[in-house]
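Reading through the structure tokens given below for one structure.
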Amino acid sequence: MKILFLISEVEDIVKTGGLADVGKALPIALSELGHEVKIVLPYYKSAADSLNLSNAAPQQIIYSNRRSYAFNIKELNFNGISVYFVDYPEYFNSDQLYSEDAKVSNAEKFTFFSLAALKTAEAVGFKPDILHTNDWHTSMACYFAKHSPLTYEYFAHTRSVLTIHNAAFQGTDDLRNIPSIEPASPGMFVENNHLNMLKTGLLYADRICPVSTTYAQEITTPLGSHGIHDVIRQRINVVHGVLNGCDYEQWDPSTDEYIAAHYSLDDMSGKALCKKDLQKTFGLKANAKIPILGMVCRTTLQKGFGYLMPVLEDILKHKVQIALVGTGQKDITEELHRIANAHPQQFAFIEDFKPDYAHKVEAGADFFLMPSEFEPCGLNQMYSLAYGTTPIVRGIGGLKDTIVDIDQPEGTGFIFYQPESEALLSVVRKALLVRLEDNKKLKAVVKRGMQQKFTWQQAAEKYVEVYQRR
1 MKILFLISEV EDIVKTGGLA DVGKALPIAL SELGHEVKIV LPYYKSAADS LNLSNAAPQQ
61 IIYSNRRSYA FNIKELNFNG ISVYFVDYPE YFNSDQLYSE DAKVSNAEKF TFFSLAALKT
121 AEAVGFKPDI LHTNDWHTSM ACYFAKHSPL TYEYFAHTRS VLTIHNAAFQ GTDDLRNIPS
181 IEPASPGMFV ENNHLNMLKT GLLYADRICP VSTTYAQEIT TPLGSHGIHD VIRQRINVVH
241 GVLNGCDYEQ WDPSTDEYIA AHYSLDDMSG KALCKKDLQK TFGLKANAKI PILGMVCRTT
301 LQKGFGYLMP VLEDILKHKV QIALVGTGQK DITEELHRIA NAHPQQFAFI EDFKPDYAHK
361 VEAGADFFLM PSEFEPCGLN QMYSLAYGTT PIVRGIGGLK DTIVDIDQPE GTGFIFYQPE
421 SEALLSVVRK ALLVRLEDNK KLKAVVKRGM QQKFTWQQAA EKYVEVYQRR
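Per full-length UniProt numbering, residue 1 is the first one in the sequence shown, and the count goes up by one each step.
Rendered as structure tokens:
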């Protein structure tokens with residue numbers, strides 16, 4: 001099949017978060033299955049400065065709502081896949097990928113990009129069987145492919161797929177801030193003159209793919225849907241949960257360039273050296289016997305800090321260390337710094353994000369903490385399993401789909417369910433007790449975890465099944 005893949009970031013080109021991992025790994029996996037994939041991406045300032053690409057097609061002009069938008073198309077060979085860039089400096093020549101400013105809203109930028117990406121495919125002569133969009137940034141392409149007079153003829157035989165990575169972000173804005181849309185355009189999801197880009201895409205995508213089976217169920221409910229359950233219920237027959245994969249080339253303790261020593265399921269001796277290195281790097285007291293809880297995430301309520309902060313100092317009353325890396329809400333980071341200063345040999349908080357920190361935590365910690373409020377898929381629990389670092393997770397979304405509780409015969413981690421601080425504190429205490437009193441059981445859990453594999457090939461095969469549905 002010919003697959004046009006629209007996304008707002010791609011790892012190794014431009015990245016702010018986990019969406020970029022998908023933007024790289026999934027197209028490569030689809031290509032390796034024999035499909036022809038083309039990626040379209042905005043030509044951000046960082047990409048333009050580092051790549052300095054030449055034009056790949058004549059300049060394109062979109063006429064919409066009595067305005068004209070002239071943009072160029074750049075092309076990059078990326079792991080054997082053509083990446084086309086929409087070069088429109090007025091919208092994308094910025095140091096930040098997503099930023100609201102006085103001139104242009106994010107909704108306007110990415111509504112324009114969704115339409116320009118379709119025109120890019122037409123300009124380079126690529127008529128896809130599948131249009132694969134991702135999150136609100138590109139969801140409007142599902143609408144334009146069916147409704148825009150500029151594109152619907154070219155995409156008349158194209159089936160569209162919309163992957164929901166995080167439905168909490170929906171791309172809403174006043175229509176007056178989105179001049180690239182005709183005010184009279186029919187069929188968009190508009191409330192109080194505000195466009196909802198994600199909901200509009202959900203109305204017109206031929207298939208909808210939340211990034212885990214459990215998340216696909218959660219977003220049918222008012223509590224778990226972030227306000228999209230009404231549309232999801234309308235389209236429930238085209239909803240298919242597809243779990244993301246893990247890039248085991250980047251996340252493999254036997255080859256990882258960032259960690260102090262390599263190790264594997266057959267020889268775990270290097271993990272002790274990684275723990276020692278983690279304690280040294282983070283300024284924690286050097287002690288091989290003290291269990292370390294690791295966290296690498298945004299310091300936001302979504303990641304469970306609403307549950308963690310009230311009991312963090314209760315956890316530190318135990319013989320335990322915590323190594324936490326992340327950036328996010330100012331009130332949370334300020335409190336984390338306060339607690340770190342009060343417990344310098346037990347708790348280290350690094351307000352930053354660098355790949356080496358993330359890898360060191362995964363390799364050196366004994367447990368990895370993910371108490372998320374919601375987690376559509378999650379990747380760190382997959383990394384943790386591969387590194388023999390036992391996950392402690394809340395049983396929601398992709399966490400529930402990838403971790404089996406220790407009390408089950410095939411257990412690979414510790415799970416709590418209630419969205420409460422006491423439930424989190426209880427499961428942490430349980431993990432510490434098992435490590436102290438039943439280390440043989442814990443080693444069996446670690447072994448089973450390291451044997452788990454959630455590959456992008458598996459994810460790609462699932463997507464192909466979705467693509468082929470009529």
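Glycine residues also receive a C-beta, built at the ideal position from the N, C-alpha and C atoms. Note that the coordinates shown come from a computational prediction; the quantities given were computed from them, not determined experimentally.
Spatial neighbours of phenylalanine 110 in its own chain (CB-CB distance under 6 Å, excluding positions within 5 residues in sequence) are listed in chain order as His137. Here histidine 157 is exposed, its C-beta having fewer than 16 other C-beta atoms within 10 Å. For cysteine 274, the three-state secondary structure derived from DSSP is helix. For the pair methionine 295 and glutamine 458, the Cα-to-Cα distance works out to about 27 Å. One Cα belongs to valine 231, the other to valine 239, and the distance between them is close to 11 Å. Shortest Cα-Cα distance from methionine 188 to any of Arg159, Gln59, Ala145, Val320 involves Ala145. A contact is defined here as three or more CB-CB pairs under 8 Å, and the segment 56-63 fails this definition with respect to the segment 19-27.
For arginine 207, the pairing in a beta bridge is given by DSSP as Val161. Collapsing the DSSP output to three states places histidine 318 in coil.
Residue environment: aspartate 352 is assigned as exposed (fewer than 16 neighbouring CB atoms within 10 Å of its CB, all protein chains considered). Between leucine 33 and glutamate 461, the gap from beta carbon to beta carbon is short of 8 Å. For the pair phenylalanine 92 and leucine 53, the CB atoms are not nearer than the 8 Å cut-off. Per DSSP, reduced to three states, the secondary structure at lysine 74 is strand. Per DSSP, isoleucine 130 lies in no alpha helix (DSSP H); the unbroken beta strand (DSSP E) holding it starts and ends at 130-134. Contact check for alanine 323 against alanine 365 passes: the beta carbons are separated by less than 8 Å. In the pairwise beta carbon analysis, the segment 437-450 is classified as touching the segment 397-416: at least three pairs are separated by under 8 Å. Residue state for histidine 337 is assigned as helix, using DSSP reduced to three classes. Within a 10 Å sphere around the beta-carbon of threonine 221 sit fewer than 16 other beta-carbons, which makes this residue exposed. Residue state for glutamine 217 is assigned as helix, using DSSP reduced to three classes. In this structure, Ser31 is the residue among Leu198, Leu4, Asp174, Ser31 with its C-alpha nearest to the C-alpha of tryptophan 456.
Annotation: the segment 36-64 contains the following complete segments of the beta strand (DSSP E) (minimum length 3 residues), in chain order: 36-42, 60-64. By alpha-carbon distance to proline 371, the top candidate from Pro419, Arg66, Asp405, Leu131 is Pro419. Note that the C-beta distance between glutamine 321 and isoleucine 292 is below 8 Å. Taking the Cα positions, alanine 286 is about 9 Å away from leucine 278. By the Cβ neighbour-count rule, glutamine 468 is exposed, with fewer than 16 other Cβ atoms within 10 Å of its own. In the three-state reduction of the DSSP assignment, proline 409 falls in the coil class.
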